[in-house]
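Peer 1: Provided herewith is a single structure, encoded as structure tokens, for subsequent inquiry.
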Amino acid sequence: MSAPRPAILIARAVFPEIVEQLREHFEVEHNPDDVIYSKAELTQRLQGKAGAFTTGGDRVDGEVLAANPQLRIVANMAVGYNNFDIAAFNAAGVWATNTPDVLTESTADFGFALMMAAARRMAESEHFLRRGEWKKWAYDMFAGGDVHGSTLGILGMGRIGQAIAKRGHHGFGMKVVYHNRSRLPAETEAAVGATWVDKATLLAQADHLVLVLPYTPENHHCIAAAEIAQMKPTATLTNIARGGIVDDAALAEALRAGRIAAAGLDVFEGEPALNPALLTVPNVVLTPHIASATVATRRAMAQLAADNLIAVLGRGAAPLTPIN
Ligand code: DGY
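In case it helps, the numbering used here puts the sequence shown at residues 242 to 565.
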């Protein structure tokens with residue numbers, strides 16, 4: 242008699258072909274309505290499951306793990322994993338996995354586009370046009386800041402930060418400065434065309450500051466009123482990392498007061514809710530956490546999360562992209 246197939250939970254909607262693929266290996270419970278499970282419901286739905294396929298909105302902490310000692314792997318379809326308590330995963334001996342690399346270039350494209358949209362006032366001018374307010378050409382109409390030849394500042398210099406640096410340096414002739422806890426090797430700095438500076442210098446020099454650092458308790462609100470005050474009044478701020486890194490209330494006030502020129506935000510504190518003040522300032526481009534959202538990249542992310550489950554529960558191997 243063959244051993245029973247492991248059971249897994251797919252906690253959110255995902256490409257049907259990925260669900261089918263997982264059904265070939267496992268007994269699958271799939272969240273059919275794509276509601277985001279509360280912690281209590283997630284804990285309950287994980288009962289009897291050896292693995293789970295999650296996304297960034299599914300919080301897995303020590304309590305969820307303690308209530309499910311049979312769990313062996315939770316595969317997150319995201320590179321960020323601030324929804325996981327990794328210390329608790331380690332203590333419970335459960336694999337946590339993410340989806341690095343496959344989303345780097347698409348996410349960097351989006352970060353660069355969002356920065357450009359903020360600098361060149363694309364959302365603001367589009368809204369103006371849609372409101373029927375365009376009556377004549379004017380020499381200063383929606384005049385923004387240049388991107389080419391300006392200084393790009395990058396906070397956080399992992400894979401995505403490096404991909405953005407390359408775009409800025411090689412494609413747009415930008416001077417690229419970055420701040421990161423650890424400095425890149427000299428040859429990597431040369432390849433991406435970026436120079437390490439301390440955080441104060443980064444804030445002071447950047448014409449366009451892009452945030453790409455992971456969200457941890459230590460960097461909660463690491464860009465708040467005091468940091469924004471150190472930026473140039475002509476600068477832009479783009480956040481494609483995580484809400485919570487920026488104090489959105491302070492940013493909205495700075496944008497309203499013209500302390501910086503513009504912002505591009507793909508992530509928000511408490512998303513999908515937004516700080517209402519952000520909706521009242523025109524000089525911010527707002528997008529709903531879609532930096533990695535190309536069809537090909539989202540497919541690759543889903544496939545990698547599935548492959549991690551198949552490796553651990555199907556083949557008894559180590560996952561392809563472990564976090565812990
Ligand atoms: C990621 O991969 O971390 C993106 O933010 C998508 O959630």
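The beta carbon of each residue, even a glycine, is placed where N, CA and C say it ideally should be. Since this is a predicted model, take the numbers as computed values, not measurements.
In whole angstroms, what separates the C-alpha of GLU270 from that of GLY484?
Peer 2: If you take the alpha carbons of GLU270 and GLY484, they lie about 30 Å apart.
Peer 1: Just list the residues that DSSP pairs TRP437 with in beta bridges.
Peer 2: For TRP437, which the question treats as bridged, DSSP gives the partners TYR419.
Peer 1: Kindly give me the distance between the Cβ atoms of THR345 and ALA546, rounded to whole angstroms, as I take these residues to be in contact under 8 Å.
Peer 2: Not quite, the Cβ-Cβ distance comes to about 16 Å (not below 8 Å), so this is no contact.
Peer 1: Rank VAL301, VAL343, SER243, LEU283 by C-alpha distance to the C-alpha of THR535 and give the top, closest one.
Peer 2: For THR535, the nearest C-alpha among the options comes from VAL343.
Peer 1: My parser needs the alpha helix (DSSP H) runs of 4 or more residues fully inside the stretch 261-313; what are they?
Peer 2: DSSP runs (the alpha helix (DSSP H)) wholly in the stretch 261-313: 280-286, 303-307.
Peer 1: Can the beta-carbon of ASN565 be found closer than 9 Å to that of TRP336?
Peer 2: Yes, these two residues count as a Cβ contact at 9 Å.
Peer 1: Quick check: is any heavy atom of ligand 1 less than 8 Å from the C-beta of LEU533?
Peer 2: Here residue 533 is Ser; the residue named in the question, Leu, does not match the sequence. Yes, since a heavy atom of ligand 1 falls inside the 8 Å radius drawn around the Cβ of SER533.
Peer 1: Consider the C-beta atom of LEU396 and the heavy atoms of ligand 1; say whether any pair is separated by less than 8 Å.
Peer 2: It does not: the Cβ of LEU396 is nowhere closer than 8 Å to a heavy atom of ligand 1.
Peer 1: Between VAL315 and ligand 3, is there a pair consisting of the residue's CB and a ligand heavy atom that are separated by less than 8 Å?
Peer 2: As for ligand 3, it is missing from this structure, which binds only ligand 1.
Peer 1: Should VAL315 go down as buried or exposed, given a rule of 16 or more other Cβ atoms within 10 Å for buried?
Peer 2: VAL315 is buried by the Cβ-count criterion.
Peer 1: Going by other Cβ atoms of all chains shown within 10 Å of its Cβ, with 16 needed for buried, is THR521 buried or exposed?
Peer 2: Looking at its Cβ environment, which holds fewer than 16 other Cβ atoms inside 10 Å, THR521 is exposed.
Peer 1: Mapping the DSSP letters down to three states, classify THR475 as helix, strand or coil.
Peer 2: DSSP places THR475 in coil when its eight states are reduced to three.
Peer 1: Below 8 Å, is the gap between the Cβ of ALA319 and the nearest heavy atom of ligand 1?
Peer 2: Yes - ligand 1 has a heavy atom lying nearer than 8 Å to the Cβ of ALA319.
Peer 1: Taking the alpha-carbon positions, what's the SER391 to HIS266 distance?
Peer 2: SER391 and HIS266: Cα-Cα distance of roughly 52 Å.
Peer 1: Judging by CA-CA distance, which residue of ASP548, MET318, ARG371, GLY394 is the nearest neighbour of ALA441?
Peer 2: When only C-alpha atoms are compared, the closest one is GLY394.
Peer 1: Suppose the cutoff is 6 Å on Cβ atoms and the five residues either side in sequence are ignored; what does the same chain contact list for THR429 look like?
Peer 2: Result list for THR429: empty, nothing under 6 Å.
Peer 1: Does ILE327 pass the burial test, meaning 16 or more other C-beta atoms within 10 Å, or should it be called exposed?
Peer 2: Counting Cβ neighbours within 10 Å, ILE327 comes out exposed, since fewer than 16 surround it.
Peer 1: How far does the alpha helix (DSSP H) with LEU221 in it reach, from first residue to last?
Peer 2: Nothing about residue 221 can be reported from this structure: the residues present for the chain run from 242 to 565 only.
Peer 1: Rank VAL417, ILE464, GLN288, GLN544 by C-alpha distance to the C-alpha of GLU258 and give the top, closest one.
Peer 2: That would be GLN544, whose Cα lies nearest to the Cα of GLU258.
Peer 1: Does at least one heavy atom of ligand 1 sit under 8 Å from the Cβ of VAL269?
Peer 2: False, no ligand heavy atom lies under 8 Å from that Cβ.
Peer 1: Would you please state the rounded distance, in angstroms, between the beta carbons of LYS407 and VAL433? I believe it to be under 8 Å.
Peer 2: Confirmed, about 5 Å.
Peer 1: Spatial neighbours of ALA504 within its chain, please: CB distance less than 8 Å, with the 5 preceding and 5 following residues excluded, ordered by chain position.
Peer 2: These residues qualify, in order along the chain: ALA359, THR477, LEU478, THR479, ASN480, LEU492, LEU496, ASN524, VAL525, VAL526.
Peer 1: Compute the Euclidean distance between the alpha carbons of PRO458 and GLY303, then round it to the nearest angstrom.
Peer 2: C-alpha separation (whole angstroms): 17 Å.
Peer 1: Any heavy atom of ligand 1 within a distance shorter than 8 Å of the CB on HIS530?
Peer 2: It does: the Cβ of HIS530 is within 8 Å (strictly closer) of some heavy atom of ligand 1.
Peer 1: Which residues in the same chain have their Cβ closer than 7 Å to the Cβ of ASN460, if we skip the five residues on either side of it in sequence?
Peer 2: Within the same chain, ASN460 has close Cβ partners LEU454, ILE486.
Peer 1: On a Cα-Cα basis, can you pick out the residue from ALA254, ARG253, GLU261, SER243 that is closest to ILE551?
Peer 2: If we check each option's Cα against that of ILE551, GLU261 comes out closest.
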